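What the sequence shown shows, in UniProt numbering, is residues 1 to 184, in sequence order. For glycine and all other residues, C-beta sits at the position ideal for the given N, C-alpha and C. Since this is a predicted model, take the numbers as computed values, not measurements. Shown next, in structure tokens, is the structure this report addresses.
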Amino acid sequence: MTSPQVQRLTDALYARRAMPVDAEAVARLAIETFVAKFGHLYNMQDLQTYLHLAYSIDAVERTLRDADSETWLLCDAVTHDNLGFALLGKASLPHADIVPADGEIKRFYVDPTRTGQGLGAQFMDFILTRLLKDGPRTLWLGVYSDNDGAQRFYSRYGFEHAGEYIFPVGEARDREYIFKRVAP
Ligand SMILES: CC(C)(COP(=O)(O)OP(=O)(O)OC[C@H]1O[C@@H](n2cnc3c(N)ncnc32)[C@H](O)[C@@H]1OP(=O)(O)O)[C@@H](O)C(=O)NCCC(=O)NCCS
């Protein structure tokens, strides 16, 4: 089961490039994972505003049609359930050192009922291969300042703190760290 759009990762897992027709499934998974991890940080109005902006079906479909980014789903090889997703593209974080050739992991989420089982690690290996398919380059990502688990996870792949910025969620303002992985 390997093609440019479907990549076998292990006997139990494959990655599948999400297409516009997958907008509803991606939106559902994105909302579930975001609310499970961060929902308690915001009031209902701020949360709804953000979820609509980032993960309405229209918004996700626009992202899936964007030629400068790609979304990959992590899938169970037996049940074909979606276990996670990642959005990759050109780096667009507010950092002075970013150049047009740099890449970014814009979203990286694993099903909240399946975290801590090594799925993220297997997915990340694939995502890095994808981002570096045309050769070495610097990669970036943004991570919530209090998300110690994700920061530890990204550090294992060579990402290091390189700055910070303010990330709006409705009227709320989050402190977001910028992590950088220098081209080896
Ligand atoms: C951050 C995230 C993507 C990592 O994915 P994951 O599947 O949980 O990652 P892994 O299972 O590979 O690693 C997580 C931890 O589980 C441990 N682990 C991995 N396999 C394990 C296993 N079989 N048994 C026990 N522990 C295991 C890892 O050692 C790691 O430990 P750590 O917490 O000390 O770093 C995931 O937890 C997630 O989606 N979190 C919520 C959303 C989020 O924060 N996303 C990032 C936004 S910037």
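Q: Please indicate yes or no: does the CB of Lys37 lie closer than 7 Å to some heavy atom of ligand 1?
A: Taking the first residue of the sequence shown as position 1, residue 37 is located at position 37. Lys37: yes, Cβ under 7 Å from ligand 1.
Q) If you follow the beta strand (DSSP E) that Gly149 is part of, which residue opens it and which one closes it? A) Translated into positions along the sequence shown, residue 149 becomes position 149. Looking at the DSSP string, Gly149 is not in any beta strand (DSSP E); the run it does join, the alpha helix (DSSP H), is 148-155.
**Q.** Bridge-paired residues (DSSP) for Gln7
**A.** Taking the sequence shown and counting its residues from 1, one reaches residue 7 at position 7. Bridge partners of Gln7: Ala15.
**Q.** Inter-residue CB distance, Val143 and Glu171 (contact presumed, cutoff 8 Å)
**A.** What you label residue 143 is simply residue 143 of the sequence shown in a count that begins at 1. What you label residue 171 is simply residue 171 of the sequence shown in a count that begins at 1. Rounded, the Cβ-Cβ distance is 22 Å, inconsistent with contact.
**Q.** Terminal residues of the beta strand (DSSP E) in which residue 201 lies
**A.** Look at the range of the chain in this structure, 1 to 184, and you will see that residue 201 is not part of it.
Q. Does the pairing of the region 106-125 with the region 71-84 give three or more beta-carbon distances under 8 Å?
A. yes
Q | Simplified DSSP state of Gly170, which is helix, strand or coil | A | Taking the first residue of the sequence shown as 1, we reach residue 170 at position 170. Looking at Gly170 - three-state DSSP - the assignment turns out to be coil, as it is neither helix nor strand.
Q: Determine the DSSP secondary structure at Ala162, reduced to helix, strand or coil.
A: Sequence index remark: in the sequence shown, residue 162 carries index 162 (1-based). Strand at Ala162.
Q | Residue from Leu53, Leu139, Asp134, Ser69 whose Cα sits closest to the Cα of Val99 | A | Numbered from 1 along the sequence shown, position 99 holds the residue referred to as residue 99. Of Leu53, Leu139, Asp134, Ser69, the residue nearest in Cα terms is Leu139.
Q.
Do Phe34 and Leu53 count as a contact pair if the criterion is CB distance below 8 Å?
A. In the sequence shown, counting from the first residue as 1, residue 53 sits at position 53. In the sequence shown, counting from the first residue as 1, residue 34 sits at position 34. No, the Cβ-Cβ distance between Leu53 and Phe34 is not below 8 Å.
Q. Tell me, which residues are paired with Arg181 by DSSP?
A. Your numbering for residue 181 matches position 181 in the sequence shown. Arg181 pairs with Leu139.
Q) Quick one: what's got a C-beta closer than 6 Å to Ser56's C-beta in the same chain, skipping five residues either side? A) The count along the sequence shown starts at 1 and reaches residue 56 at position 56. So no residue of the chain qualifies.
Q: From the DSSP output, read off the bridge partner residues of Val110.
A: Along the sequence shown, one-based indexing puts residue 110 at 110. Its beta-bridge partners are Gly84.
Q: Within its chain, find whatever has a CB closer than 7 Å to the CB of Pro184; leave out the 5 residues flanking it on each side and keep chain order.
A: Indexing the sequence shown from 1 puts residue 184 at position 184. Excluding residues within five positions, the ones whose Cβ falls inside 7 Å are Pro136.
Q) What is the chain-ordered set of residues for which the beta carbon lies under 6 Å from any non-hydrogen atom of ligand 2? A) Among the ligands in the structure shown, ligand 2 does not appear; only ligand 1 can be found there.
**Q.** Helix, strand or coil at Ile98 according to DSSP, with G and I counted as helix
**A.** The sequence position of residue 98 within the sequence shown is 98, counting from 1. The answer is coil: DSSP assigns Ile98 none of H, G, I, E or B.
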